[in-house]
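Input: a single structure, listed below in structure tokens.
There are 2 protein chains.
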Amino acid sequence: MAQHTSAPSPAGAQRDLDSPARTTREQILEEALALFAQGGYGGTSLNDIAAGVGIRRPSLLHHFPSKEALYQEVFELLLSDWFERLAGAIGSAERGWDKVELVLRAGFRFFADNPSYVRMVRREAIDGGQHLGIDLASVLRPSFDLAADYFEREMQTGTFRTQDSRQLLITGYGALLSYFSDEPFLEGLLDMAPMSADALANREEHIVQFFRAALLP
Amino acid sequence: MAQHTSAPSPAGAQRDLDSPARTTREQILEEALALFAQGGYGGTSLNDIAAGVGIRRPSLLHHFPSKEALYQEVFELLLSDWFERLAGAIGSAERGWDKVELVLRAGFRFFADNPSYVRMVRREAIDGGQHLGIDLASVLRPSFDLAADYFEREMQTGTFRTQDSRQLLITGYGALLSYFSDEPFLEGLLDMAPMSADALANREEHIVQFFRAALLP
DNA sequence: GCAGACCTACCTACCTGTCGGTAGTTTTGG
DNA sequence: CCAAAACTACCGACAGGTAGGTAGGTCTGC
């Protein structure tokens, strides 16, 4: 809330031209995202983040009042990116299985593009939102309920097999997120790097095919 | 290694009679499991663990040489419990879907009985085994490969639908673990407590039914 | 000249692990 | 049989290190 909207740049003028010239604030957010995702809240020090940006810790604290405030802002950025990216697929006019596949693929690709997001969300889901002012579950709950309603409607018309829609969503959540959040572990379980283009294509097709088999009568 | 083999008890005499009278060492392991699962390695201090047992930190370090050694022993205990509990289901003589259902249910119930185990494993999977001498993936890999072989054989005989067996296992892993590891998050997403008997029964039936639908032709 | 960005130096709180010592029990040997 | 020796379990105090956060000064660009 109360977006500072990139304080230093005059009025958001030519931002696309000098895109590599990010403000220090943006660099901090970027570095913080990567490190929080990698090491969690407690496992990441402000020194690490500052060093990654190339400044000292007090300079970082000039841009953000505290570690917790920085973490919250990273998380808010994450959530707004998430909603923005999935809005198209969710709001699409498709029906039945086509829409599910659309959302599934959009989610998968978003997570593949932003594995750090997945790891941060997963950590927060495990911890139960200790470092977060906002409650992750209450933010996601409206979408969750809408999705459950969608499945139930399609089940009643016979488009999908009848089953517990919320359990289905939880399973989908687990299938989508686990691959990215547990990538360091899967790395040792598979013969190929989980984030390679080939492996990602495999995974996406499997998920789509798997859910189609479970949903269509 | 170099097992001390329960130093205090004289010669392992009547251990079953005074089972509630656990040794301090056992109490430490128990408390450490709960706290490591809840807060992770970095988020748990030896003071917290010692306080939970009712002793001071130096006394705890009398029983374990270091925090890392304690963590490793907790994890080894976890893994041996895991293998012991699932050995029956995995070694069963059943074939085809019946065996999959057996293992699925055995795993589910083991995790339901030991949610702390799931949370510790999940944290380790995310972190990639930073605090562990052993590598989780290499320990689990033989079972993983055996399971993949099993699925592939059953697919070739037409018992199961043909699909990527390793992707299938990863999806099963995600479906089973996520429910327990992310319980604090799911608590806010559902209307019932995820670990209540009703909710657990729901979840178990969903998983079994879901995988049956995806596997059977 | 002044505001924003950055710095060094410092503070307090907390962490793990060690040291020296104590009380009580077990082992040993004469 | 019993006292000396050894061992177990515990503790308070401390050392060394790192964390987040603050105070105050310097530099730079408008």
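Line order of the protein sequences matches chains A and B.
In this text, residue positions in the first sequence follow this note's numbering: the first is 1, and each later residue adds one.
In this text, residue positions in the second sequence follow this note's numbering: the first is 1001, and each later residue adds one.
Backbone N, C-alpha and C fix where the C-beta goes; we use that ideal spot for every residue, glycine too.
Which first and last residues belong to the alpha helix (DSSP H) in which residue i is found?
i	result
residue 1119 of chain B	1115-1127
residue 206 of chain A	197-215
residue 1172 of chain B	1165-1181
residue 1085 of chain B	1067-1090
residue 1150 of chain B	1136-1156
residue 40 of chain A	Unbroken run through residue 40 of chain A: none, as it is neither H nor E.
residue 1063 of chain B	1057-1063
**Request:** For the region 1026-1035 of chain B and the region 1044-1060 of chain B, state whether three or more C-beta atom pairs, one from each stretch, are separated by less than 8 angstroms.
**Result:** Three or more pairs of CB atoms, one per stretch, sit closer than 8 angstroms, so the region 1026-1035 of chain B contacts the region 1044-1060 of chain B.
- request: For the region 50-64 of chain A and the region 119-129 of chain A, state whether three or more C-beta atom pairs, one from each stretch, are separated by less than 8 angstroms.
  value: Too few Cβ pairs lie closer than 8 angstroms, so no.
Of the residues that make up the region 56-84 of chain A, which ones have a beta carbon closer than 8 angstroms to any beta carbon in chain B? For the region 56-84 of chain A, which is checked against every Cβ of chain B, not one residue is closer than 8 angstroms.
* To do: Report yes or no: do the region 144-164 of chain A and the region 1131-1147 of chain B share at least 3 C-beta pairs separated by less than 8 angstroms?
  => By the Cβ rule, the region 144-164 of chain A does not count as touching the region 1131-1147 of chain B, because fewer than three pairs are nearer than 8 angstroms.
### Residues of the region 1127-1147 of chain B whose Cβ lies closer than 8 angstroms to any Cβ of chain A, in chain order
Within the region 1127-1147 of chain B, the qualifying residues are 1127, 1128, 1129, 1135, 1136, 1137, 1138, 1140, 1141, 1144.
What are the residues of the region 1105-1126 of chain B that lie near chain A, defined by any Cβ-Cβ distance shorter than 8 angstroms?
Within the region 1105-1126 of chain B, those residues whose Cβ lies closer than 8 angstroms to any Cβ of chain A are, in chain order, 1119, 1122, 1123, 1124, 1125, 1126.
| query | Would you call the region 162-179 of chain A and the region 1166-1175 of chain B in contact, with 3 or more CB pairs under 8 angstroms? | reply | Yes: at least three Cβ pairs fall under 8 angstroms.
(request) Tell me, please, whether the region 1194-1202 of chain B touches the region 1079-1099 of chain B by the rule of three or more beta-carbon pairs shorter than 8 angstroms. (result) With a cut-off of 8 angstroms, the region 1079-1099 of chain B and the region 1194-1202 of chain B do not count as touching, because too few Cβ pairs lie within range.
Give me the subset of the region 156-170 of chain A whose CB atoms are less than 9 angstroms from a CB atom of chain B, sorted by chain position. For the region 156-170 of chain A, the set of positions with a beta-carbon nearer than 9 angstroms to some beta-carbon of chain B reads 161, 163, 164, 166, 167, 168, 169, 170 in chain order.
Next item on the list: With 7 angstroms as the C-beta to C-beta threshold (strictly closer), list the residues of the region 1034-1049 of chain B near chain A in chain order.
Entry: Flagged, chain order: 1040, 1042, 1043.
- May I ask you to verify whether the region 130-143 of chain A touches the region 184-191 of chain A, counting CB pairs closer than 8 angstroms and requiring at least 3? No: the two stretches stay apart, fewer than three of their Cβ pairs being nearer than 8 angstroms.
**Message:** Using a Cβ distance threshold of 8 angstroms, determine whether the region 95-108 of chain A contacts the region 206-214 of chain A, with at least three qualifying pairs required.
**Reply:** Contact between the region 95-108 of chain A and the region 206-214 of chain A is present, because at least three Cβ pairs lie under 8 angstroms.
Exercise for review: Examine the Cβ distances between the region 75-83 of chain A and the region 1077-1086 of chain B and report whether three or more of them are shorter than 8 angstroms.
Suggested key: Cβ pair count under 8 angstroms is below three, so no.
Closer than 9 angstroms, Cβ to Cβ, to anything on chain B: give me those residues from the region 175-187 of chain A, in chain order.
Within the region 175-187 of chain A, those residues whose Cβ lies closer than 9 angstroms to any Cβ of chain B are, in chain order, 175, 176, 177, 178, 179, 181, 182, 183, 184, 185, 186, 187.
Proximal residues, the region 194-205 of chain A versus chain B, C-beta separation under 7 angstroms: For the region 194-205 of chain A, the set of positions with a beta-carbon nearer than 7 angstroms to some beta-carbon of chain B reads 202, 203 in chain order.
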